[in-house]
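Visitor:
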Amino acid sequence: MTFSFEPAIVDAVLKHMNEDHPEDNLLIARAFATETADGATMTGLDGDGGLWQVRSGTATADVRVPWSSAITERSEIRREIVVLYDRACEKLGVTPRPHD
Numbered sequence: 001m002t003f004s005f006e007p008a009i010v011d012a013v014l015k016h017m018n019e020d021h022p023e024d025n026l027l028i029a030r031a032f033a034t035e036t037a038d039g040a041t042m043t044g045l046d047g048d049g050g051l052w053q054v055r056s057g058t059a060t061a062d063v064r065v066p067w068s069s070a071i072t073e074r075s076e077i078r079r080e081i082v083v084l085y086d087r088a089c090e091k092l093g094v095t096p097r098p099h100d
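Each residue of the sequence shown is one higher than the last, beginning at 1 in the UniProt record's numbering.
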C-alpha cells in the first residue's frame with residue numbers, strides 16, 4: 001500500500017517546489033516526460049513518487065515519476081527530489097548545481 005503524507009506536508013512541498021524551484025520541475029519534466037516540455041508544476045506526491053502536470057505547447061499531461069525507493073518520512077522527500085533532479089541532469093546532459 002502506498003504511503004500518504006499529511007496534507008500539510010504535501011502542501012508545503014508543492015508550494016516550495018512550485019515557487020522556489022520551477023526550473024527544477026521543468027528539468028524533471030523534460031527528462032521523464034517529454035523533452036519538449038515548456039512548463040511543469042508539481043501537483044502531488046506520496047511514498048512512491050511525485051506527480052507533475054507537464055505542458056508542451058497547448059497539450060498538458062499528468063506525469064508520475066517514481067522515487068528511487070519507497071519513502072515514509074518527511075525528510076526523505078527532499079532527498080528523493082534531489083535524486084530525481086540529479087538523474088534528470090544526467091539524462092539531459094546538464095551540469096547539476098551543488099546541493100546545500
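Beta carbons: idealized from backbone N, C-alpha and C, even for Gly. Since this is a predicted model, take the numbers as computed values, not measurements.
Out of ARG97, GLN53 and PHE3, which has the shortest C-alpha to C-alpha gap to ASP62?
Guide: By 1-based counting over the sequence shown, the position of residue 62 is 62. Nearest option by C-alpha distance: GLN53.
Visitor: What separation, rounded to the nearest whole angstrom, lies between the Cα atoms of GLU19 and ASN25?
Guide: Taking the sequence shown and counting its residues from 1, one reaches residue 19 at position 19. Taking the sequence shown and counting its residues from 1, one reaches residue 25 at position 25. The alpha-carbon atoms of GLU19 and ASN25 are separated by roughly 10 Å.
Visitor: Can you list, in chain order, the residues of its chain with a C-beta nearer than 8 Å to that of ILE9? Leave out the 5 residues immediately preceding and following it.
Guide: Here residue 9 refers to the residue found at position 9 of the sequence shown. Contacts found: ARG74 and ILE77.
Visitor: Using DSSP with H/G/I as helix, E/B as strand and the rest coil, what is VAL65?
Guide: Against the sequence shown, residue 65 aligns to sequence position 65. Looking at VAL65 - three-state DSSP - the assignment turns out to be strand.
Visitor: Looking at the structure shown, is ARG79 part of a helix, part of a strand, or coil, going by DSSP?
Guide: Within the sequence shown, residue 79 is the residue found at index 79, counting from 1. Three-state result, ARG79: helix.
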